[in-house]
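K.L.:
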Amino acid sequence: MVDNTWFNRMANSTRLIAENLACERGGRVVFSNCSFELHAGEMMEVRGRNGAGKSSLLRLLAGLNTPAEGRIELENGKVNTSLAEQSHYIGHAEANKPALTVAQNLKFWAAFLEGTLTDVAFETFNLSKLKNDQALLLSAGQKRRLALARLIIAERLVWLLDEPTTGLDATSLVALQTVINRHLHAGGMVIAATHGDIGILAARHLQLGGVS
Amino acid sequence: MQQFANPTQFLKIANVVIPWTWIMTALLFAVGLYGALVTSPADYQQGETVRIIYVHVPAASLALIIYIAMAIFSAIAIIFRHPLADAAAKSAAPIGAVYCFLALATGSFWGKPMWGTWWVWDARLTSMFVLMLLYLGYIAVWHSIDEPHRAAAIARIVAIVGAINVPIVKFSVDWWNTLHQPASIIKLGGPSIDPSMLWPLLTMMTAYGFLFLTLHLTSVRSEIAARKLRQARLQDIGAADGL
Amino acid sequence: MLALIARDIALARSQGGGLGAALGFILSVLVLVPLALGPDQALLQRLAPGIMWLSLLLSVLLTADRMFQQDYEDGSLDVMMMGHLPFEVVTLTKALAHWLTVSLPLAVIAPPLGLMLNLDIRQLPLLGLSMIAGSLALTMVASIGGAVTAGLRRGGLLSSLLILPLYVPVLIFGVAVTTSGTGADHSIPALTVLLAIAVISVVIAPWASAAALKAYLR
């Protein structure tokens, strides 16, 4: 989490390039001709009306879907590693197991994502007290914080966040801002789809579909 | 291959070919049925009942061939992402299922005078029955999944897994059959066939093949039309929200 | 991979549903069979291995149905697909976890229950052996059904329709291990084929499940 991440050592030469992306879902073109470029240490805000394809774009970048057209390329990333493997994706579905405790959930993801689980992960999003509670007992905001804690336990270059602020209270929002700022400072990249305001000055903006 | 990749190109060719395959189908059926019902002899053991094989055997063989073709179309869809392959597989299934049903029904009709019951769990009939279930499952996939791209992707896997299963089922059912009854009963379509029976049989088989071809081309053609219609409707929905 | 197995086992233990419900299912079949066919001891003895196999097969089918559904709905599969593990390994691992938590225990527990159907006690070891060998194939094949219907609200019927024809070989050879009865002449080859089917299913099922799930994740 601190400044000695591998992507920080890469002298900030990493770039994420998307060229003429088109996304198709159910035979319908959700968006097309979507191009952008993102440099190390930058955040991009993705905006657009409902159905403009914000989530679809994030899923494309996460490798969960393949673009109908265009290309996505990560320059100077880790060698022999796909963009998906170098990314975190926090979507609407939070990938928490209700039957497991907070600690068990994070422990599993730490192992699966080849990260390390330290107390920092719990403290950052104020989950320390909830450690041994089953995830099904958590409120919506707490569940979201549990999902966001994945950002801490494993180091990833690109963070793909779909409406990350949903359900967060003021304190948690500040925690998220801090974490994002630190990640950008370390040379990471963030792509966030949002309707509201995350409270961080984004270097780039992407508007999908017409202005609403 | 690439020539047919374009749906418009396919439509052009299909429109020209379909009338001719109809004519071929009618001719072959006329000749085949004449051979089957008039010129070929009755069996010394089975009597006139033997004539059922001219309906039964081609239906059964084609049902199997069509399923394999379906799996090949599905593999083509996966490997080459050919735009028509899914439509081809989807359109083949109902025809194959009907052939399969025809084979089962005629097998049952044949069984009544031969075995004394409408249904015997004979190895071939049992394998055919399982094939029928595979067809029904494949068709059900298309009907259960609303989103066509997703349905196509899932249906491909179902078809291929089913095709892998076919020889295993055949092997195991044969094995099961020998375990439960000595192979002394009369088989539908024995190993040695007299030429006077062979040519009508082969003609009927070709006729079934052409009938399949005709129906299949027609069905793929309407599948393309349905796709276009859908596309247009989706465009309208997009326009409604001010795209 | 180990972490995933451990998680799924922990989940199975805390939710408990799978194995318990499946055992209950087998027991209910055991009650219904004599009620349907009559309590004739000789008849039941002859049918016992087949009925035990049918109930094992159906109970595995019913529990494996939801193998991927929860992980699909709560987004876990999204994250798993992005990891360094090939997605086929993920599906294989989840199927193995199901085998360890449900099918294998069932295959061990079910044969003695056959005694309630007047199962010949000398057939017990063979029945157990065949069920243990067959349970892996049953789970693997069922995982395909679970993956193919992962995103459907009511996928149970469809996945049964898809899976039952695939179960035909497993059932035939599984039952053959015991019914050939008179000598060991058929048992060994049948058992070998059963293991071969298990191997084939271990190769094909993870690929098929992964491909089907990817279609849902898009």
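Residue numbers (our numbering), protein chains in the order written: chain G, 1 to 212; chain D, 1 to 243; chain W, 1 to 218. In this text, a Cβ means the ideal position worked out from N, Cα and C, and glycines have one as well.
Would you mind listing the beta strand (DSSP E) stretches within the segment 129-175 of chain G that are 3+ residues and don't spill past its ends, in chain order?
P.N.:
158-162
K.L.:
Cα separation between Val224/W and Pro39/W?
P.N.:
The requested residue 224/W is not part of the displayed model; chain W covers only 1 to 218.
K.L.:
Rounded to whole angstroms, what's the CA-CA distance from Asp60/G to Pro67/G? Just pull it up for me.
P.N.:
Residue identity differs from the one stated: residue 60/G is Leu in this sequence, not Asp. Looking at the two C-alpha atoms, the distance is approximately 6 Å.
K.L.:
Which residues, taken in chain order from the segment 12-34 of chain G, show a beta carbon closer than 9 Å to some beta carbon of chain B?
P.N.:
Of the protein chains in this structure, namely G, D and W, none is chain B.
K.L.:
In chain order, what residues of the same chain lie with their CB nearer than 7 Å to the CB of Ile18/D, ignoring the 5 residues before and after it?
P.N.:
Thr214, Leu217 and Thr218.
K.L.:
Does the beta-carbon distance from Leu213/W to Leu77/W come in below 8 Å?
P.N.:
With respect to Leu77/W, Leu213/W sits close: the two C-beta atoms are nearer than 8 Å.
K.L.:
Between which residues of its own chain and Leu100/W is the CB-CB distance below 6 Å, once the five residues before and five after are set aside?
P.N.:
none
K.L.:
Considering only residues of the segment 122-150 of chain D, which uninterrupted alpha helix (DSSP H) runs meet the minimum length of 4 residues and lie entirely inside it, listed in chain order?
P.N.:
123-144
K.L.:
Considering only the alpha carbon of each residue, which of Ser87/G, Leu106/G, His195/G and Glu42/G lies closest to Ala52/G?
P.N.:
Comparing Cα-Cα distances from Ala52/G to each of Ser87/G, Leu106/G, His195/G and Glu42/G, the minimum goes to His195/G.
K.L.:
Along chain G, in chain order, which residues have C-beta atoms closer than 9 Å to that of His143/D?
P.N.:
Going along chain G, no residue has its Cβ under 9 Å from His143/D, so there is no contact; the nearest lies around 16 Å.
K.L.:
Between the alpha carbons of Ser82/G and Asn76/G, how many angstroms are there, rounded?
P.N.:
12 Å
K.L.:
Would you kindly work out how many angstroms separate the C-alpha atoms of Arg28/G and Glu69/G, rounded to a whole number?
P.N.:
13 Å
K.L.:
If you follow the beta strand (DSSP E) that Ser32/G is part of, which residue opens it and which one closes it?
P.N.:
Arg28 to His39
K.L.:
Only counting the same chain, and skipping five residues up and downstream in sequence, which positions put a Cβ closer than 8 Å to that of Gly171/G?
P.N.:
What sits at residue 171/G in the sequence shown is Thr, not Gly. Answer for Thr171/G: Asn126, listed in chain order.
K.L.:
In the segment 143-156 of chain W, which residues sit with their C-beta less than 9 Å from some C-beta in chain D, listed in chain order?
P.N.:
Ile144, Ala147, Val148, Thr149, Gly151, Leu152, Arg154 and Gly155
K.L.:
Once DSSP output is grouped into helix, strand and coil, what is the label at Thr81/G?
P.N.:
coil
K.L.:
Of the residues Val148/W, Leu191/W, His186/W and Leu124/W, which one's Cα is nearest the Cα of Ala133/W?
P.N.:
Leu191/W
K.L.:
Select from the segment 143-172 of chain D all residues with a C-beta closer than 9 Å to any C-beta belonging to chain G, and list them in chain order.
P.N.:
Asp146, Glu147, Pro148, His149 and Arg150
K.L.:
Does Ala212/W come within less than 8 Å of chain G when only Cβ atoms are used?
P.N.:
no
K.L.:
Pick out whichever of Arg150/G, Arg47/G, Gly167/G and Asp133/G has its Cα sitting closest to the Cα of Met80/W.
P.N.:
Arg150/G
K.L.:
For the beta strand (DSSP E) holding Glu19/G, just list the boundary residues, first then last.
P.N.:
Arg15 to Arg25
K.L.:
Leaving out five residues before and five after Leu32/G in sequence, what residues of the same chain have Cβ atoms less than 6 Å from its Cβ?
P.N.:
The residue you asked about is not Leu; residue 32/G is Ser in the sequence shown. Excluding residues within five positions, the ones whose Cβ falls inside 6 Å are Ala22.
K.L.:
If we define contact as Cβ-Cβ less than 8 Å, is Asp40/W a contact residue for chain G?
P.N.:
So no, Asp40/W is outside the interface.
K.L.:
Beta-carbon of Ser87/G versus every beta-carbon of chain W: anything under 8 Å?
P.N.:
yes
K.L.:
Which bits of chain G does Met67/W rub up against, with CB to CB less than 8 Å?
P.N.:
For Met67/W, no chain G residue has a Cβ inside 8 Å of its Cβ, as the nearest lies near 14 Å away.
K.L.:
On the criterion of 16 or more Cβ atoms from any shown chain inside 10 Å, does Ala183/D qualify as buried, or is it exposed?
P.N.:
Note that Ala183/D has pLDDT 44, beneath the 50 cutoff, so the model's placement of it is unreliable and the number below is only indicative. Per the 10 Å Cβ criterion, exposed.
K.L.:
Would DSSP call Arg221/D helix, strand or coil?
P.N.:
helix
K.L.:
When you check each C-beta in the segment 209-236 of chain D against every C-beta of chain G, which residues fall closer than 9 Å?
P.N.:
Arg227, Arg230, Gln231, Leu234 and Gln235
K.L.:
In whole angstroms, what separates the C-alpha of Val30/G from that of Leu19/W?
P.N.:
43 Å
K.L.:
Could you round the C-beta distance between Asp198/W and Ala137/W to whole angstroms and report it? I think they count as a contact, below 8 Å.
P.N.:
The residue asked about is misnamed: residue 198/W is Ala in this sequence, not Asp. Confirmed, Cβ separation roughly 4 Å.
K.L.:
Is it true that the segment 221-230 of chain D meets the segment 9-17 of chain D, where meeting means three or more beta-carbon pairs spaced less than 8 Å apart?
P.N.:
yes
K.L.:
Starting from the C-beta of Asp71/W, find all residues in its chain whose C-beta is less than 6 Å away, skip the five residues before and the five after it, and write them out in chain order.
P.N.:
Leu77
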